[in-house]
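Chains as they are written, first to last, in the working numbering: chain A, 1 to 399; chain B, 400 to 798.
Positions of the beta carbon are idealized from the N, C-alpha and C atoms, including for glycine.
Here the structure is a predicted model, which means the values were calculated and not measured.
Only one structure is covered here, and it is reproduced in the block below.
2 protein chains.
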Amino acid sequence: MSQFSWKIKKKLKNNNARIGIISTPHGDIETPAFIFCATKAALKSFTTRDAKENKTQIILSNTYHLMLQPGSQIIAKHGGLHKFIGWNGPMLTDSGGFQIFSLGHGSVADEIKGRKSNSNIKKTLLSISEEGAIFKSYIDGANLLLSPEKSIQIQRDLGADFIVVFDECTPFNVDKDYTYNSMQRSHRWSQRSINAFNSNLNYKAKEGSSGTQEIYGIIQGGIYKDMREESIEFNQNNINTFGVAIGGSLGSSKAEMQEIVNFTASKLNNIRPVHLLGIGDPIDIWTFVEQGIDTFDCVSPTRLARHGSALVKGKHGKINLKNKKYNENLNPIDKNCLCYTCRNFTLSYLHHLFASQELLALQLLTNHNIFFMNNLMETIRIAIKENNFENKKNEWLNL
Amino acid sequence: MSQFSWKIKKKLKNNNARIGIISTPHGDIETPAFIFCATKAALKSFTTRDAKENKTQIILSNTYHLMLQPGSQIIAKHGGLHKFIGWNGPMLTDSGGFQIFSLGHGSVADEIKGRKSNSNIKKTLLSISEEGAIFKSYIDGANLLLSPEKSIQIQRDLGADFIVVFDECTPFNVDKDYTYNSMQRSHRWSQRSINAFNSNLNYKAKEGSSGTQEIYGIIQGGIYKDMREESIEFNQNNINTFGVAIGGSLGSSKAEMQEIVNFTASKLNNIRPVHLLGIGDPIDIWTFVEQGIDTFDCVSPTRLARHGSALVKGKHGKINLKNKKYNENLNPIDKNCLCYTCRNFTLSYLHHLFASQELLALQLLTNHNIFFMNNLMETIRIAIKENNFENKKNEWLNL
Chain A
1 MSQFSWKIKK KLKNNNARIG IISTPHGDIE TPAFIFCATK AALKSFTTRD AKENKTQIIL
61 SNTYHLMLQP GSQIIAKHGG LHKFIGWNGP MLTDSGGFQI FSLGHGSVAD EIKGRKSNSN
121 IKKTLLSISE EGAIFKSYID GANLLLSPEK SIQIQRDLGA DFIVVFDECT PFNVDKDYTY
181 NSMQRSHRWS QRSINAFNSN LNYKAKEGSS GTQEIYGIIQ GGIYKDMREE SIEFNQNNIN
241 TFGVAIGGSL GSSKAEMQEI VNFTASKLNN IRPVHLLGIG DPIDIWTFVE QGIDTFDCVS
301 PTRLARHGSA LVKGKHGKIN LKNKKYNENL NPIDKNCLCY TCRNFTLSYL HHLFASQELL
361 ALQLLTNHNI FFMNNLMETI RIAIKENNFE NKKNEWLNL
Chain B
400 MSQFSWKIKK KLKNNNARIG IISTPHGDIE TPAFIFCATK AALKSFTTRD AKENKTQIIL
460 SNTYHLMLQP GSQIIAKHGG LHKFIGWNGP MLTDSGGFQI FSLGHGSVAD EIKGRKSNSN
520 IKKTLLSISE EGAIFKSYID GANLLLSPEK SIQIQRDLGA DFIVVFDECT PFNVDKDYTY
580 NSMQRSHRWS QRSINAFNSN LNYKAKEGSS GTQEIYGIIQ GGIYKDMREE SIEFNQNNIN
640 TFGVAIGGSL GSSKAEMQEI VNFTASKLNN IRPVHLLGIG DPIDIWTFVE QGIDTFDCVS
700 PTRLARHGSA LVKGKHGKIN LKNKKYNENL NPIDKNCLCY TCRNFTLSYL HHLFASQELL
760 ALQLLTNHNI FFMNNLMETI RIAIKENNFE NKKNEWLNL
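Right under this line is the structure:
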């Protein structure tokens, strides 16, 4: 019945890096893979057609934004997100939890990545109870409840191939007790999410939509290894999900993040694909693939493009095209890059577009950054396949 | 030697509509044709690749903007505009005059189209003399001279297939004497432009660029028929250009504009293609094709898209996707339109993109509007070919 499957094709011996294939009703994903963010049902400044041309395998949209605008009912009427946004490949939606709690607690995203919290962010989380979270809509100010059952129903309507259990994204700046209680509640919410999902296995938002979905669990526990172990135990034994994501706070430094991810990934057995939430830096990706991560997502490739930054190989990893020094540079971003932007345009032209405030700048640079990330993931897969991981990593990062 | 030619393939008997082919070193243009504006060496929110896919035949860039940013030298270093912007088809540059005088006099563009002048526009024209015009750069405030010789040199560096003589775009709100003196000076500037052009016929900005260009004259005379006749006489007999453009003020109403264009076009013989500057409204295009115009240009298709307006057939000619009534509309902009946007996206989705302030909205709507204009021009050409002009016009405009 299920058109979903996952298999590891090869695993390295000296570390946990692996290549595999995740199959969905909308096609296969070769892993390790990067998932691009079409947050509000649109890649920023970029068509799904061009994303496909740039070898994008899978994209995600955010339940939180879409439940507020245009509302999941309208997307259901289209037959789901795939039809709404003109994307025929694999898709994922998150549960909405991350944004509610991120905006609510202040800035979970900053904390996860060890940045200082930004007190200017408007707090919209009103209350958390066993039932769910009540928050204020940024569209019309209405007070809304998101619960595990409601998140699953919305994700059913959105109709992505992969959906995610509803959890609290616990902030970093709370004590161990808060983190523990939050994890326990997230586990209960996970169980309710799975129950809601299973009670409605053949749900179709609209005749003609596939109605076939699979669900990911989330491993909580913040920076505490004993709690991570408990959450792994819960996710492995108490609930049955297609895949697992490593969520929650990963600490306040890169070293801490690496330790927590490595600890968590190493304890997972090999029966489910593992997703790492919110990581997009190429150096991190090489590191975490080595630790056993299969998929990544982050807004960074498209966000960097909007700020004028082109992704490039090497330790620094990016160059800013707004810099005056590119004014007369007749080279492309990367002579060896095969993307449309690098095959057709010079740094001088791209710099001119930013200097002239032409929106085309964002589109062309997004094109390069998306191609770059997909090329990175392909290079990693080939390196694993050819037992050449360390060499290729060092070559890519110019180490 | 010249790779340029123009021939009329067919002319209607009951009006002046005609189809023809303009050949250039970068390919043929089937006329009547619409020229899209890549003002600052970029179509707004749109790649030249997608423009080509949408059957765009020719685009133009503006000398005024490019001489200020990035400067024509940098474009020359690339081997010209074609290489700079990744467009391998025919191109045109204007002389820079329109913008200098438009910004300088206040708002010539508004006057040409009968709109009220906008006193907020910053006046940057400092002085006009026999030598040329001195204006203030909006980039760095420097005082710069643009003369016929300088305009031609810059247009040589830019390397478009078609370039235009330098003229004063005479405002509407001046008396007949001013208009007459301005026309006389523009004729002298035309002659100097042609001399500069001819003195340097084999100029190549860079080894490898084609170095082959042709030039358009401009017919002046404002709303005064006797002066239009004098300017036609000058353009036909005193100078030798590949084509002619109808420039200057066309009056303050649509009726006046139609009368002046009709009068002018009817006096031109059939040895040169005729361009009408700055007109993009589909109703106007049907009218002016009937009067003998071969090519049009206007920023309207891409500008309308940025304001949320989709071009549609019919007398009103556009719908605004920001309108809440499209919220749940599952139809495309036009069920019969074959563009990428109409084949893949609903009004509901496009409305959502505008409601969410996603830049993709501009790209998808620009796609439709460019396709729409090229489809309009193709429909007109077929109608002329098949002696079906009136029927097709009435059908298109729902008359």
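Original post:
Looking at the structure shown, is E757 (chain B) part of a helix, part of a strand, or coil, going by DSSP?
Top reply: coil
Taking the beta strand (DSSP E) that V643 (chain B) belongs to, which residues open and close that run?
G642 to I645
Check: Quick one: is K40 (chain A) buried, meaning 16 or more other Cβ sit within 10 Å of its Cβ, or exposed?
Finding: buried
Would you kindly work out how many angstroms separate the C-alpha atoms of G27 (chain A) and K791 (chain B), rounded to a whole number? 45 Å
> Along the chain, which unbroken stretches of the beta strand (DSSP E) at least 3 residues long are found entirely within the region 239-281 of chain A?
Replying inline: 243-246 and 274-276
Using beta carbons (cut-off 8 Å, strictly below), is I484 (chain B) in contact with chain A?
yes
Exercise for review: Classify C568 (chain B) as helix, strand or coil using the three-state DSSP reduction.
Suggested key: coil
To the nearest angstrom, how far is the alpha carbon of G243 (chain A) from that of I19 (chain A)? 15 Å
task: Taking 8 Å as the threshold, find out whether the region 167-184 of chain A comes into contact with the region 216-233 of chain A through three or more Cβ pairs.
output: yes
Q. Under 8 Å between the Cβ atoms of S151 (chain A) and G217 (chain A)?
A. no
**Report entry** Exposure of H130 (chain A), with buried meaning 16 or more beta-carbon neighbours within 10 Å
**Finding:** According to the sequence displayed, residue 130 (chain A) carries Glu and not His. Under this definition E130 (chain A) is an exposed residue.
**Prompt:** S550 (chain B) CB to nearest chain A CB: under 8 Å?
**Reply:** no
E328 (chain A) vs I473 (chain B) beta-carbon contact at 8 Å
yes
Give me, in chain order, the residues of the same chain whose beta-carbon lies closer than 6 Å to that of N120 (chain A); leave out the 5 immediate sequence neighbours on both sides. The predicted position of N120 (chain A) is uncertain, since its pLDDT is 43 and thus under 50; no value can be drawn from it.
Under 8 Å (Cβ pairs) to chain C, residues found in the region 446-477 of chain B: The structure shown contains no chain C; its protein chains are A and B.
**Study point:** Span separating the alpha-carbon of N797 (chain B) from that of C436 (chain B)
**Key:** 28 Å
Quiz item: Exposed or buried, I232 (chain A), counting other C-beta atoms within 10 Å across all chains shown (16 or more means buried)?
Solution: buried
(Q) For Q401 (chain A), would you say it is in contact with chain B, using Cβ-to-Cβ distances shorter than 8 Å as the test? (A) It is not possible to answer for residue 401 (chain A), since the shown part of chain A is limited to 1 through 399.
Among the candidates A:T295, A:L268, A:S102 and A:I271, whose CA atom is the shortest distance from the CA of G280 (chain A)?
A:T295
Would you call the region 7-19 of chain A in contact with the region 249-260 of chain A, where contact means no fewer than 3 C-beta pairs closer than 8 Å? no
Cβ shell of Y340 (chain A) (< 6 Å), same chain only, five flanking positions each side left out: N367
Beta carbons nearer than 8 Å to chain B: which residues of the region 299-328 of chain A have them?
N327 and E328
Task: Cβ of A559 (chain B) within 8 Å of any chain A Cβ - done: no
Original post:
Can you name the residues of chain B whose CB is closer than 8 Å to the CB of Y203 (chain A)?
Top reply: Near Y203 (chain A) there are no residues of chain B at all, since even the closest Cβ is about 21 Å away, more than 8 Å.
TODO: Using a threshold of 8 Å, state whether the C-beta atoms of G80 (chain A) and G132 (chain A) are closer than that.
DONE: no
Proximity test, Cβ basis, 8 Å: A41 (chain A) and chain B: yes
List the residues of chain A whose Cβ lies closer than 7 Å to the Cβ of L758 (chain B), in chain order. K44, S45, L359 and L362
Item to check | Segment contact, 8 Å Cβ cut-off, at least three pairs: the region 744-754 of chain B with the region 774-783 of chain B | outcome: no
- Message: With H, G and I counted as helix, E and B as strand and the rest as coil, what does DSSP make of V563 (chain B)?
- Response: strand
Run the CB neighbour count on H78 (chain A), radius 10 Å, all protein chains shown included, and call it buried at 16 or more, exposed below.
buried
(Q) Taking DSSP's pairing of strands, which residues face W795 (chain B) in a bridge? (A) DSSP output for W795 (chain B) lists no bridge partner at all.
For a cutoff of 8 Å on Cβ pairs, would you count L268 (chain A) as touching chain B? no
Along the region 207-228 of chain A, what residues have a CB closer than 8 Å to any CB found in chain B? none
Practice item. May I ask you to report which of helix, strand or coil DSSP gives G407 (chain A)? Key: No answer is possible for residue 407 (chain A): the residues shown for chain A start at 1 and end at 399.
Take D566 (chain B) and list the residues in its own chain whose beta-carbon comes closer than 7 Å to its own, dropping the five residues that flank it on each side.
S494, G496, S585, W588, S589, I617, Q619 and G646
Note to self: Run through chain B and tell me which residues come within less than 9 Å of F354 (chain A), C-beta to C-beta.
What the structure shows: None at all; the shortest Cβ gap to chain B is about 11 Å.
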